[in-house]
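A.B. asks: Here you go, one structure.
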Amino acid sequence: ELLPAFTWKTRIAQIKTVPAGEYIGYGCTYKTSHKTRLAIIPVGYYDGYDRGISGGYVLIHGKRAAIRGRICMNIIMVEVTDIPEAKNDDEVVLIGRSGDEFISAEQFAQWAGTINYEVTTRVNDRIPRIMVE
């Protein structure tokens with residue numbers, strides 16, 4: 023049985039709570055409908071996280087955290103209103119497993135409208151690689 027050989031993780035850089043009616047991200051494309059708790063993730067399209075992704079999510083504490091607003095050059099904002107235990111420096115899974123949840127390179131590619139090989143080869147060289155045997 024083949025297992026996924028690629029995982030992409032980072033950590034929460036900041037938690038911020040914004041009121042209902044607040045616009046988020048480039049172009050003000052997302053407006054909060056309620057008081058919203060956001061996690062700021064220090065990864066963006068410069069790092070290879072496709073800026074065209076819509077409807078995507080990341081995994082925090084084994085739960086899905088929806089991306090809010092557009093992907094920025096060096097940050098992603100995700101909603102953690104329903105993940106009250108989320109705090110600064112917590113692990114964030116962009117591709118891979120957290121608890122029972124899993125985001126495959128194929129799923130990520132589907133969100134981005136591309137193929138899984140393009141997803142894995144776009145990851146910027148500034149992102150550290152850890153080889154596990």
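Residues in the sequence shown are numbered from 23 upward in steps of one, following this note's numbering. Glycine is no exception: its CB is placed at the ideal position from the N, C-alpha and C atoms. Because the structure is a prediction, the values reported are computed rather than measured.
Isoleucine 37: which of Gly135, Asp147, Asn110 and Pro64 sits nearest, CA to CA?
C.D. replies: Taking only the C-alpha atoms, the option nearest isoleucine 37 is Asn110.
A.B. asks: Going by DSSP, what residue range makes up the alpha helix (DSSP H) through tyrosine 139?
C.D. replies: Here the alpha helix (DSSP H) through tyrosine 139 covers 138-143.
A.B. asks: Using the three-state DSSP reduction, which class does tyrosine 71 fall into: helix, strand or coil?
C.D. replies: Here tyrosine 71 sits in coil by DSSP.
A.B. asks: What does a CB cutoff of less than 7 Å around tryptophan 30 pick up in its chain, not counting 5 residues either side in sequence?
C.D. replies: Excluding residues within five positions, the ones whose Cβ falls inside 7 Å are Leu116, Ile117, Gly118 and Val145.
A.B. asks: Are the Cβ atoms of glycine 78 and tryptophan 133 separated by less than 8 Å?
C.D. replies: Yes, the Cβ-Cβ distance between glycine 78 and tryptophan 133 is below 8 Å.
A.B. asks: Could you give the residue range of the beta strand (DSSP E) that holds alanine 42?
C.D. replies: Looking at the DSSP string, alanine 42 is not in any beta strand (DSSP E), and its letter there is neither H nor E.
A.B. asks: Nearest-angstrom Cα distance between phenylalanine 124 and cysteine 50?
C.D. replies: If I take the Cα positions, the gap works out to 29 Å.
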